[in-house]
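Novice:
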């Protein structure tokens, strides 16, 4: 692991081959801060924090980017108060330009006098001058091959070993930002500890003259982003040429060139070769052998791709153009390699957090490499990401990563991003559509990914299922590990059954409802009200039909139509009531809403009955519906009373509650011996009608209350009810008895529901991390918020209902706990 001290001074870490990599002459003494030295000295602060220096450097860089060449001495003189720091930064900039001569052919030499205008030196350098450019440590930079937000990548030669490598350099603007610098270090540290066949290895890291860099293996190939882009172009050209007969796709552009023109090791966009570059490469980086490559592509399409094993990008394009099943198998193999590399990183505690096609490289042997660990999260270091940070490429972020919430991002965020990448390889369409940040966030957080086969029917169903599971919105619905994803991809390749299963229609509905609970609740209310409106319309139509003097046949048909509509409305109401009662996951949350809707339905039916006095048949049907809804309301009321009894019985299993009541050992023993009502389970009531359920619940509640009254004193019973309301916390204000006693208004009830929802959301966020004491404090705070909303008279009634505050933590099933001495147990 690279220490922070390894980035200070001019030291360079030794690579796996033992080369020192400091770039100095043999007689040059290495810096005391060289990697491998561990003298215990504190790290030197190498970031410039003076905002005046930062502003001056930004101005200097802006002039250079605009084509100007400011005089260094005159520029420094303008900032005399920070001249020393600014001069050092300009020296670093000059060193970077001199170290990469193929990029800065017109830049001033680093050792040019400060009073000489660099513009006077704008002329192409001779090859001899390029060959003597100053190295960066042990590495001689040859040319730029790519750049991105986290650095610039050069092709380079390691002088001590004579091998071609890729060197990533942190831009000067990034070195001025402590967080950018730390992330650059983090990238090297994360990649350096990984040694896997599908992870780009790091050879050395270091800092030379305040230029931070690290060296890694040079990958002769291209990123999957380039491959996907070229595959899309070939597909579009094939579509455009259908009216003119078949046209062979221009696949030569997909082949990785023989030379270093497109070789990258970080997934950045390749930089075109400049003057003085590799003369064997054309403008687009295609070697001279492209003329014969089309023949190989056509042969590969005919034989399934075996003829192009050494040209993976060509092979993919040929197979895709021929719509061969081998193309999808090739995509699965690439996904398998990526999943294996990610699984290895995850086992070492490294989460990449920026998996995307541009960071997955395909070399000429068909090997896939994972690169660019600039946003990786190390298991032992979480300080770079704060709540609200959204780091990475937005289009490929997981929902939990894009939300910016303070959540722990585990390996499943990489699995999601890899799933999107495989989706784009299969369909050649963007997985997340949208151009603006707002559109992308909406798609990521709220819109499900279309099935791959809905875009391209040629995609194998098993592969569609694997990708759908990997890219699920909810982390719990994805593969738990990258190894599980790799295993399913291997099963697909081996023609074995995969473990993933496509979601059913019910699963899709449940997932949508879970993500949109407020909207689902509102939709349910709207649908029920619509059904009631349909009922009203049906009745009005029937009344108008009775007043008409139309022909008997027409009246019969209209009446039949009204009856049919009435039955359909009744069926719709029954359906929505059944959904509210059985299919809503959070039944307690919708208990009050169901009761209110049924009570509203009673009012509607009463109005219908009064309007249909002259139609006995319809009136009888309405009376039956009214009786059914009345039975449901009575059942809910009885069930609520039975629920209160169960809550009080369960509270008596807590030693803290028994101590609060001052129960004697004899009382405890008698309560413990009481049978628990409803112990037979829900199947006891499954076959009962609403009326029978209401009678059953009422009887059990009455019997349970009577049994407690024989054991506890009136004072103990009263205190038990008070404690039960306090333990329920803010949800006590949804109890119909409390609502009736307090006489809260409709506006107050709306505010109370909002407070209850916020408290529930906080509890869900904390989950098992919340202590019982913390839960009690959270509920108590929510109750205090509600009391602020109530009127003084309502607050007084609440205090009368709850009595003295009960502050103990309730733990259930504590029958063996100590029993306190009775405290006014016999008081009335």
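Numbering (full-length UniProt numbering), first residue to last: 1 to 828.
C-beta: ideal position from N, C-alpha, C; glycine also.
Count the other C-beta atoms from every protein chain shown that fall within 10 angstroms of the C-beta of residue 186, then say buried if there are 16 or more, exposed otherwise.
Specialist: Result: buried.
Novice: Kindly indicate the opening and closing residues of the alpha helix (DSSP H) around residue 473.
Specialist: No alpha helix (DSSP H) holds residue 473; DSSP gives it neither H nor E.
Novice: Distance check for residue 422 and residue 376, CA to CA, integer angstroms please.
Specialist: Taking the straight line from one Cα to the other gives about 21 Å.
Novice: DSSP state of residue 136, grouped into three classes?
Specialist: Three-state DSSP puts residue 136 in a strand.
Novice: Applying the criterion that 16 or more other CB atoms from any shown protein chain within 10 Å of the CB defines a buried residue, is residue 767 buried or exposed?
Specialist: The residue in question, residue 767, is exposed, as its Cβ has fewer than 16 Cβ neighbours within 10 Å.
Novice: Report yes or no: do the stretch 777 to 794 and the stretch 739 to 747 share at least 3 C-beta pairs separated by less than 8 Å?
Specialist: Yes, the stretch 777 to 794 touches the stretch 739 to 747.
Novice: Got a sec, what are the start and stop residues for the beta strand (DSSP E) residue 369 sits in?
Specialist: Looking at the DSSP string, the run of the beta strand (DSSP E) that includes residue 369 is 368 to 370.
Novice: What whole-angstrom Cβ distance do residue 732 and residue 648 have, given they're in contact under 8 Å?
Specialist: Actually they do not touch by this definition, with Cβ atoms about 13 Å apart.
Novice: Where does residue 404 fall in DSSP's three states?
Specialist: Correct three-state label for residue 404: coil.
Novice: For the alpha helix (DSSP H) that contains residue 765, what are its first and last residues?
Specialist: Here the alpha helix (DSSP H) through residue 765 covers 746 to 766.
Novice: As a quick exercise: from 534, 468, 492, pick the residue whose alpha carbon is nearest that of residue 502.
Specialist: The residue with the shortest Cα to Cα distance from residue 502 is 468.
Novice: Kindly identify the DSSP beta-bridge partner or partners of residue 89.
Specialist: Answer is none; residue 89 lacks a bridge partner.
Novice: Where do the N-terminal and C-terminal ends of the alpha helix (DSSP H) with residue 184 fall, by residue?
Specialist: Start and end: 178 to 192.
Novice: Can you tell me whether residue 142 is helix, strand or coil according to DSSP?
Specialist: Note: residue 142 maps to strand in three-state DSSP.
Novice: Count the other CB atoms within 10 Å of the CB of residue 80; is the residue buried (16 or more) or exposed (fewer)?
Specialist: Residue 80 should be labelled exposed.
Novice: Only counting the same chain, and skipping five residues up and downstream in sequence, which positions put a Cβ closer than 6 Å to that of residue 89?
Specialist: Same-chain partners within the cutoff: 57.
Novice: On a CA-only basis, which of 356, 324, 327 is nearest residue 339? Give me that one, please.
Specialist: Measuring from the Cα of residue 339, the nearest candidate turns out to be 356.
Novice: Let me know the secondary structure DSSP gives residue 166 once reduced to three states.
Specialist: In the structure shown, residue 166 sits in a strand (DSSP, three-state: E or B).
Novice: In terms of residues, what are the limits of the alpha helix (DSSP H) holding residue 347?
Specialist: Element bounds for residue 347: 325 to 347.
Novice: If you compare alpha carbons, which of 227, 616, 82, 395 is closest to residue 441?
Specialist: If we check each option's Cα against that of residue 441, 395 comes out closest.
Novice: DSSP three-state label for residue 430, please.
Specialist: Note: residue 430 maps to coil in three-state DSSP.
Novice: Are there three or more Cβ pairs, one per stretch, closer than 8 Å when the stretch 411 to 418 is compared with the stretch 480 to 497?
Specialist: With a cut-off of 8 Å, the stretch 480 to 497 and the stretch 411 to 418 count as touching, because enough Cβ pairs lie within range.
Novice: Kindly indicate which three-state DSSP category residue 455 falls into: helix, strand or coil?
Specialist: If DSSP states are grouped into helix, strand and coil, residue 455 belongs with the helices.
Novice: What residue from 730, 445, 533 has the CA that sits closest to residue 398's CA?
Specialist: Nearest of 730, 445, 533 to residue 398, Cα basis: 445.
Novice: Give the straight-line distance between the Cα atoms of residue 668 and residue 658, rounded to the nearest whole angstrom.
Specialist: Between residue 668 and residue 658, the C-alpha separation is close to 8 Å.
Novice: Can you name, in chain order, every residue of its own chain whose Cβ lies under 7 Å from the Cβ of residue 190, other than the five neighbours on each side?
Specialist: The residues are 350, 373, 376, 378.
Novice: Smallest Cα separation from residue 490: which of 54, 226, 337?
Specialist: The option with the nearest alpha carbon to residue 490 is 337.
Novice: Going straight from the alpha carbon of residue 785 to that of residue 757, what length do you get?
Specialist: Each residue's Cα considered, the two are about 13 Å apart.
Novice: Could you tell me whether the Cβ atoms of residue 213 and residue 181 are closer together than 8 Å?
Specialist: The answer is no: Cβ separation not under 8 Å.
Novice: Would you say residue 202 and residue 216 are within 8 Å of each other, going by their C-beta atoms?
Specialist: A contact, by the Cβ cut-off of 8 Å.
Novice: Out of curiosity, what's the CA-to-CA distance linking residue 426 and residue 405?
Specialist: Near 31 Å, if we compare the C-alpha coordinates of residue 405 and residue 426.
Novice: Compute the distance between the beta-carbons of residue 177 and residue 159, then report whether it is under 8 Å.
Specialist: Not a contact, by the Cβ cut-off of 8 Å.
Novice: Taking all protein chains shown into account, decide if residue 354 is buried (16 or more other Cβ within 10 angstroms of its Cβ) or exposed.
Specialist: Buried, since its Cβ has 16 or more Cβ neighbours within 10 Å.
Novice: Mapping the DSSP letters down to three states, classify residue 483 as helix, strand or coil.
Specialist: Helix.
Novice: Is the beta carbon of residue 782 closer than 8 Å to that of residue 730?
Specialist: Cβ distance < 8 Å, so residue 730 and residue 782 count as in contact.
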